[in-house]
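Before any comments, here is the structure.
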Amino acid sequence: QRFPQTVRMVLSGQCDREAILNSVGPTHQYLSKPCDAEQLRSKIGQAFALRDLLENPVVQKVVSQLKDIPSLPALYQQILEELRSRDPSPAKVGKLIAKDMGMTAKTLQLVNSAFFGLRCHVSNPVQAANLLGLDTIRGLVLSTHIFSQIENDLLNEIDGHHLWDHSIAVSGFAKAIAGVEHARQQVIDDSLTAGLLHDIGKLILASAFSAQYKSILSVAAERKKGIWAAEREALGCTHAEIGGYLLGIWGLPHSIVEAVAWHHRPSECPATGFSPVLAVHAACFYDAQVRPSRLLGPAVMDQAYLGRVGLEAHEPLWKQTCEQMNLRKEEEHE
């Protein structure tokens, strides 16, 4: 209560699943004993570095206090029904989680914690759900109430269904672009998940700063400017940086945090060569071309960054791949 913006890490030898689940809400990261001193220094250093993303102390305070990100009501109800069924399917639960920003972020936060002792980071939400198991997912949903649903009024105010559709489309496009680049499977998975989560900051702003965010959306529409530009003007930060900050303090893989934080301005990201940052940036641009929305605003491809990493000649193939994906999807719905 006295220092709400503090990044909270638990260092414990406690291996009880129920105790861990109960700590998921108020705790940002979990480290198990014995903890290597270098690992602890690294985690603390990363937490301090993340603060550079958010210079607005009010926003930093609110984001640090978040325990969950609300989910789309229909998806939330579907996962409840599946978990309460006589024979719940882990595969079906994983696929439902993979369609939702909030559930994906929370699942990845837990599976990448030291409690599970995995030697490599997990970024695929379906894989994460399988690793956690149905008992843990059921505990998150039914006991600790870490998963919640967004209110319908708020959903309508922010054109929420379009936000979810856009996030899923960008996720698919980013994965496809990474595939075209013959990237490693980890990069493909990171691109997929970063695409799904790239606009999670909009959800944070809409739920935590509802009235102010409605005003920001109106200003952006009236002036025909990008949402992120209107956000920076009003708050001194954007949904991209807010989303990156939250996912960072939750301990999600750095490549995903980086892609979310810089998806509008890849030139300011230290990443070189092809990376999830570029995959998500390009995917965002292509989806905004075919599905314009007041929540997206004008889209711009960072040609200077493409030139810097030497991939400008690859862009036409990315565009063609995404257009073909979109065409197939439209044909399926006819």
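The opening position of the sequence shown corresponds to residue 269 in the numbering used here, with each subsequent residue numbered one higher.
Beta carbons are placed, not taken as given, at the ideal position from N, Cα and C, and that holds for glycine.
- Message: I'd like to confirm the pairing. Which residues does DSSP put opposite Gln417 in its beta bridges?
- Response: Ser339
- With C-beta atoms as the reference, is Ala547 less than 8 Å away from Ala479? no
- Query: In the structure shown, what three-state DSSP assignment does Leu473 receive?
  - Reply: Leu473 falls in the helix class under three-state DSSP.
- Those runs of the alpha helix (DSSP H) which lie wholly inside the region 427 to 485 and span at least 4 residues: 428 to 448, 453 to 465, 468 to 476
- Do you know whose CA, among Cys552, Ala551, Phe553, Glu526, lies nearest Thr540's CA? Glu526
- Is the distance from the Cβ of Pro393 to the Cβ of Ile418 below 8 Å? no
- Environment of Gln377 [buried if 16+ CB atoms lie within 10 Å]: buried
- Message: Taking 6 Å as the limit between beta carbons, can you name the residues of its chain near Ile472, skipping five residues before and five after?
- Response: Within its own chain, the residues whose Cβ lies closer than 6 Å to the Cβ of Ile472, once the five positions on either side in sequence are excluded, are Ile510, listed in chain order.
- Message: As a quick exercise: from Leu503, Pro325, Trp530, Ala567, pick the residue whose alpha carbon is nearest that of Gly494.
- Response: Ala567
- Task: Please classify Ser332: does DSSP put it in a helix, a strand, or coil?
- Result: Look at Ser332 here: in three-state DSSP terms it is helix.
- Query: What are the boundary residues of the alpha helix (DSSP H) that Gly362 is part of?
  - Reply: 358 to 365
- Whole-angstrom C-beta distance between Ser483 and Leu460, which should lie under 8 Å: Between Ser483 and Leu460 the Cβ distance is about 33 Å, and since that is not below 8 Å, they are no contact.
- Task: Evaluate contact between the region 351 to 368 and the region 326 to 334, counting only Cβ atoms and requiring at least three cross-stretch pairs below 8 Å.
- Result: no
- Item | Inter-residue spacing [alpha-carbon to alpha-carbon] between Pro397 and Glu599 | Before going further, note that residue 397 is Ala rather than Pro in the sequence given. Going by the C-alpha atoms only, they are around 31 Å apart.
- Item | Three-state secondary structure assigned by DSSP to Leu579 | coil
- Mind checking whether the beta-carbon of Asn324 lies closer than 7 Å to any heavy atom of the ligand SAM? The ligand SAM is not part of this structure, which contains no ligands at all.
- Output the distance between the C-alpha atoms of Thr372 and Ala462, rounded to the nearest integer angstrom. 10 Å
- Message: Considering Cα atoms alone, identify which of Cys552, Gly578, His582 is closest to Met569.
- Response: Closest by alpha carbon: Cys552.
- Item | Own chain, CB closer than 7 Å to Met369, minus 5 neighbours either side, in chain order | Ile337, Ser435, Leu464, Leu465, Ile468, Leu471
- Cβ shell of Leu585 (< 7 Å), same chain only, five flanking positions each side left out: Val448
- Task: Please say whether Ala437 and Phe542 have beta carbons closer to each other than 8 Å?
- Result: Not closer than 8 Å, so no.
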